[in-house]
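In terms of the working numbering, the sequence shown has 180 at position 180, counting the first letter as 1, and numbering is strictly consecutive. Please read the structure below before turning to the comments.
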Amino acid sequence: MVPGGRNKAGGEFYENSPPFSFWASSPYHGEQMIWHVDAELNNIAAQGRDYPWERPKCCLGCGGPKVWGHGFAERQFEGFDQTVPLKCYRCPGCGCVITLRPRGYFRRIRSAVASIRSELEHRLEKGRWRESRPNMSRFRHWLGNLRRQALAWLGWQEEQGLAAAFDRLLKAGVVPVGRTIHTENHIGSDPPQ
Ligand SMILES: [Zn+2]
1 MVPGGRNKAG
11 GEFYENSPPF
21 SFWASSPYHG
31 EQMIWHVDAE
41 LNNIAAQGRD
51 YPWERPKCCL
61 GCGGPKVWGH
71 GFAERQFEGF
81 DQTVPLKCYR
91 CPGCGCVITL
101 RPRGYFRRIR
111 SAVASIRSEL
121 EHRLEKGRWR
131 ESRPNMSRFR
141 HWLGNLRRQA
151 LAWLGWQEEQ
161 GLAAAFDRLL
171 KAGVVPVGRT
181 IHTENHIGSD
191 PPQ
């Protein structure tokens with residue numbers, strides 16, 4: 001191992017990796033990023049770690065030209081009994097970790113975007129939830145977050161406008177039901193989800 005080099009799976013090492021002092025001071029060091037890609041969750045679950053993920057053309061953090069495979073993150077999704085492995089990449093330049101995620105699923109949320117929207121829309125239109133089901137509290141939680149996001153980003157407080165706010169925020173790259181007020185990281189020309 002060369003000074004400043006970092007071990008890589010299989011005993012190889014990154015010869016051109018910057019010294020640790022650079023890593024520690026990089027603003028992206030240890031940063032977790034999400035890259036939404038066109039991928040079917042069903043296919044990923046079926047093929048597991050053999051799924052042919054695409055590779056980011058550059059680092060989402062520093063724009064560096066190359067990212068390295070960095071294993072998998074096992075994540076839970078609604079409708080799947082077992083965890084699904086999501087491909088991770090790491091940038092040797094800035095140290096950030098990029099996790100690929102199928103489009104249509106928000107970061108840290110197991111349910112599909114479409115099903116969340118459908119539940120919220122029903123509640124907003126009818127004034128009540130569709131039916132009682134396990135974990136009803138998460139729907140209320142999402143509605144509360146949507147109200148906060150709509151107010152923070154759009155200045156909207158009217159209940160009638162919340163379904164439209166959901167779509168506006170989604171288009172703008174904001175997780176409409178996210179707890180914290182921040183945008184998702186993304187690259188490419190596709191609209192973020
Ligand atoms: Zn980077």
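Backbone N, C-alpha and C fix where the C-beta goes; we use that ideal spot for every residue, glycine too.
Exercise for the section: Tell me whether the beta-carbon of A114 lies closer than 9 Å to the beta-carbon of G127. Expected result: Numbered from its first residue, the sequence shown carries residue 114 at position 114. Numbered from its first residue, the sequence shown carries residue 127 at position 127. No. Outside cutoff.
Problem - C-beta contact flag for Y89 and P56 at 9 Å - result: Taking the first residue of the sequence shown as 1, we reach residue 89 at position 89. Taking the first residue of the sequence shown as 1, we reach residue 56 at position 56. When the beta-carbon positions are compared, Y89 and P56 come within less than 9 Å of each other.
Exercise for the section: Taking 9 Å as the cut-off, decide whether the C-beta atoms of W142 and I181 are in contact. Expected result: What you label residue 142 is simply residue 142 of the sequence shown in a count that begins at 1. What you label residue 181 is simply residue 181 of the sequence shown in a count that begins at 1. No, the pair does not count as a contact, with Cβ atoms beyond the cut-off.
Exercise for the section: Identify, in the order they occur along the chain, each residue of the same chain with its Cβ nearer than 7 Å to the Cβ of D38, setting aside the five sequence neighbours on each side. Expected result: The residue you call residue 38 lines up with position 38 of the sequence shown. Taken in chain order, the residues that qualify are R103.
Practice task
Examine ligand 1 and report whether any of its heavy atoms sits within less than 8 Å of the Cβ of C88.
Solution key: Here residue 88 refers to the residue found at position 88 when the sequence shown is read from its first residue. Every heavy atom of ligand 1 is 8 Å or more from the Cβ of C88, so no.
Problem - Candidates K87, G48, Q160, L60, of which the one nearest H122 by Cα - result: Taking the first residue of the sequence shown as 1, we reach residue 122 at position 122. The shortest C-alpha separation from H122 is found at Q160.
Handout entry: Spatial neighbours of W23 in its chain, beta-carbon cut-off 7 Å, leaving aside the 5 residues before and after
Key = Here residue 23 is taken as the residue at index 23 of the sequence shown, counted from 1. Since pLDDT at W23 reaches only 49, below the 50 mark, its modelled position is unreliable, and no value is offered.
Handout entry: Heavy atom of ligand 3 within 8 Å of G61 beta-carbon
Key = Looking at this structure, you won't find ligand 3 anywhere; what it does contain is ligand 1.
Handout entry: Whole-angstrom distance between P134 and S100, CA atom to CA atom
Key = As a working mapping, residue 100 is identified with position 100 in the sequence shown. As a working mapping, residue 134 is identified with position 134 in the sequence shown. For the record, residue 100 in the displayed sequence is Leu; it is not Ser. Taking the straight line joining both Cα atoms gives about 29 Å.
Practice task
Give a yes or no on whether the minimum CB-CB distance between T83 and chain D is below 9 Å.
Solution key: Among the chains of the structure shown, chain D does not appear; only one protein chain is present.
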